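Asker: Mapped onto our numbering, the consecutive letters of the sequence shown carry residue numbers 183 to 514.
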Amino acid sequence: MGIQTIFFILSESTLAIKAIISVIFGMLGIQTVLSILFGIVVLLFLVIDLGFFNRTCHKMEFKSALYQSVFWVAISLTFAVLIYLYMDKESAVLFVTAYVTEKMLSVDNLFVLILIFNFFALEAKYHHRVLFYGIMGALVFRGIFIGAGALLISQFYWVLYIFGAFLVYSGIKLVQEKNEEDENFEEKWIVKFARRFLPFSANNHEGRFFVKENGKVLFTSLFLIVLLVEATDIIFAVDSIPAVFAISQDPFIVFTSNIFAVLGMRSLFFVVEGFMERFHHLNKALCFILVFIGIKMLVVIFGIHIPSLLSFGIIMSALVIAFITSICFPKK
Numbered sequence: 183m184g185i186q187t188i189f190f191i192l193s194e195s196t197l198a199i200k201a202i203i204s205v206i207f208g209m210l211g212i213q214t215v216l217s218i219l220f221g222i223v224v225l226l227f228l229v230i231d232l233g234f235f236n237r238t239c240h241k242m243e244f245k246s247a248l249y250q251s252v253f254w255v256a257i258s259l260t261f262a263v264l265i266y267l268y269m270d271k272e273s274a275v276l277f278v279t280a281y282v283t284e285k286m287l288s289v290d291n292l293f294v295l296i297l298i299f300n301f302f303a304l305e306a307k308y309h310h311r312v313l314f315y316g317i318m319g320a321l322v323f324r325g326i327f328i329g330a331g332a333l334l335i336s337q338f339y340w341v342l343y344i345f346g347a348f349l350v351y352s353g354i355k356l357v358q359e360k361n362e363e364d365e366n367f368e369e370k371w372i373v374k375f376a377r378r379f380l381p382f383s384a385n386n387h388e389g390r391f392f393v394k395e396n397g398k399v400l401f402t403s404l405f406l407i408v409l410l411v412e413a414t415d416i417i418f419a420v421d422s423i424p425a426v427f428a429i430s431q432d433p434f435i436v437f438t439s440n441i442f443a444v445l446g447m448r449s450l451f452f453v454v455e456g457f458m459e460r461f462h463h464l465n466k467a468l469c470f471i472l473v474f475i476g477i478k479m480l481v482v483i484f485g486i487h488i489p490s491l492l493s494f495g496i497i498m499s500a501l502v503i504a505f506i507t508s509i510c511f512p513k514k
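1. Within this structure, are the beta carbons of Leu491 and Ala467 separated by less than 7 Å?
2. Helix, strand or coil: how does DSSP classify Glu395 here?
3. Can you list, in chain order, the residues of its chain whose CB lies under 7 Å from that of Asn386, leaving out five sequence neighbours each side?
4. Does the count of Cβ pairs from the region 281 to 297 and the region 215 to 234 closer than 8 Å reach three?
5. Does the beta-carbon distance from Ile298 to Phe367 come in below 7 Å?
6. Identify every residue that forms a DSSP beta bridge with Phe401.
7. Can you list the alpha helix (DSSP H) stretches of 4 or more residues lying completely in the region 468 to 504, in chain order?
8. List the endpoints of the continuous alpha helix (DSSP H) containing His309.
9. Excluding the 5 residues flanking Ala516 on each side, which residues of the same chain have their C-beta closer than 7 Å to its C-beta?
10. Buried or exposed: Trp371, going by 16 or more other Cβ atoms within 10 Å of its Cβ?
11. Under 7 Å Cβ to Cβ from Pro424, same chain only, skipping five residues before and after it: list those, please.
12. Buried or exposed: which applies to Arg311, given that a residue is buried once 16 or more other Cβ atoms fall within 10 Å of its Cβ?
13. Spatial neighbours of Val223 within its chain, please: C-beta separation below 7 Å, excluding the five flanking residues on both sides.
14. Can you round the beta-carbon distance between Phe401 and Phe382 to whole angstroms, since I take them to be within the 8 Å contact cut?
15. With respect to the alpha helix (DSSP H) encompassing Ala443, which residues constitute its N-terminal and C-terminal limits?
16. Between Gly353 and Leu472, how many whole angstroms is the CB-CB distance? I'm expecting something under 8 Å.
17. Where does Lys370 fall in DSSP's three states?
18. Excluding the 5 residues flanking Arg448 on each side, which residues of the same chain have their C-beta closer than 6 Å to its C-beta?
19. Looking only at its own chain, which residues have a Cβ that is under 7 Å from the Cβ of Val411, when we skip the five neighbours before and after it?
20. Report all residues from its chain with a CB closer than 8 Å to the CB of Ile212; omit the five preceding and five following residues, and keep chain order.
21. So, at 6 Å on beta carbons, what are the nonlocal neighbours of Ile475 in its own chain, with the 5 sequence-adjacent residues on each side left out?
22. Would Ile503 and Phe277 be called neighbours here (beta carbons separated by less than 7 Å)?
23. Measure the beta-carbon distance from Phe376 to Leu406 and round it to whole angstroms, keeping in mind my assumption that it falls under 8 Å.
24. Which residue marks the beginning of the alpha helix (DSSP H) containing Lys221, and which one marks its end?
25. Is it buried or exposed, Ser414, if we count other Cβ atoms within 10 angstroms and call 16 or more buried?
26. Cα separation between Ile199 and Thr260?
27. Could you tell me the alpha carbon to alpha carbon distance between Lys355 and Asn300, rounded to whole angstroms?
28. How should Trp254 be labelled, buried or exposed, when 16 other C-beta atoms within 10 angstroms of its C-beta is the threshold for buried?
Below is the structure:
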């Protein structure tokens, strides 16, 4: 078979595939097809992650975590390209802006997770297991929060202005120095509540959430850590979800960008675990981003609309400056 014949077959196959895609998009709608594709990708890789790569508890190596982080970023950007090709440029820019914002805001969450693991002296080989189930819960809760937020905004648009004011307040509050390193997580309400109403085993969990002792089913300390991780993510979602709604009010953009960022957070944890303190100016950039997004929402009252591309440029500039200044002026 000659080269020209091969190229002809490939060309005809490509045209056929494009025609099929066009028919499917025409029948179901672009957002519906992309939503189905999004659901398939998420479900497929969660099954592969738990059922194949991480069937047993083990410490995730830096190299593996880096590859997985790059993979999730690549998948997210590929999805952005599909939005650009089959929806419009504006939606693609909004998706990437929301994704980057959520990704960077999750870094502060990662720092708290490290403190939780250190506080309970959790062995490194169990980190991935806790993060996996923590993120599974985060997917459910964020889906609920985003659905409720979208419903509120559709009925009461002025709720966006409350979100904006809250983000400005959160950004200013975040500027204050935090002393989380000395925090006693046993004093958290979720831990006190669990210890009061649930029976816990005093023995080593050995990677299990439940154990049977003397005919009774008891919870383990690993289950308690997962509860604390879930509660921590809910608290951070209170900041991050309004921030994403400030960027776009389209539930499709908000949900997909948020979930892609959350899915990549697990592998990102192992990448940044040893470098959290090095990028000490990142916290200031996150404060600026929250305040900027909040102001962006509020100035709409006066008829001022900041273009999405300009917003993306400002957010990326703040992050780049934070990384550069952290490297050039290391923490003493």
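The beta-carbon is built from N, C-alpha and C at its ideal position, and this holds for glycine as well.
Values in this document were obtained by computation on a predicted structure and should not be read as measured data.
Answerer: The short version:
1. Leu491 places its beta carbon 7 Å or farther from that of Ala467.
2. strand
3. none
4. no
5. yes
6. Phe382 and Phe392.
7. none
8. His309 to Gln337
9. The structure shown has nothing for residue 516, since the chain only spans 183 to 514.
10. exposed
11. Cβ within range, chain order: Phe345, Phe348 and Leu349.
12. The residue in question, Arg311, is buried, as its Cβ has 16 or more Cβ neighbours within 10 Å.
13. Ile257
14. 5 Å
15. Pro433 to Leu445
16. 3 Å
17. coil
18. Leu313 and Ile317
19. Leu295, Ile298, Val312 and Gly316
20. Tyr268 and Met269
21. Result list for Ile475: Leu349, Ala425 and Ala428, in chain order.
22. no
23. First, the amino acid is wrong: residue 376 is Ala here, not Phe. With 8 Å as the limit, Ala376 and Leu406 qualify as a contact, their Cβ atoms being about 6 Å apart.
24. Just to set this straight, residue 221 is Gly in the shown sequence, not Lys. Per DSSP, Gly221 belongs to the alpha helix (DSSP H) from Ile212 to Ile230.
25. It should be pointed out that residue 414 corresponds to Thr in this sequence rather than to Ser. That one is buried.
26. In this prediction, Ile199 has a pLDDT of 48, which is less than 50 and means its spatial position is unreliable; what the coordinates show is noted afterwards. So the alpha carbons of these two residues sit roughly 18 Å apart.
27. 25 Å
28. Within a 10 Å sphere around the beta-carbon of Trp254 sit 16 or more other beta-carbons, which makes this residue buried.
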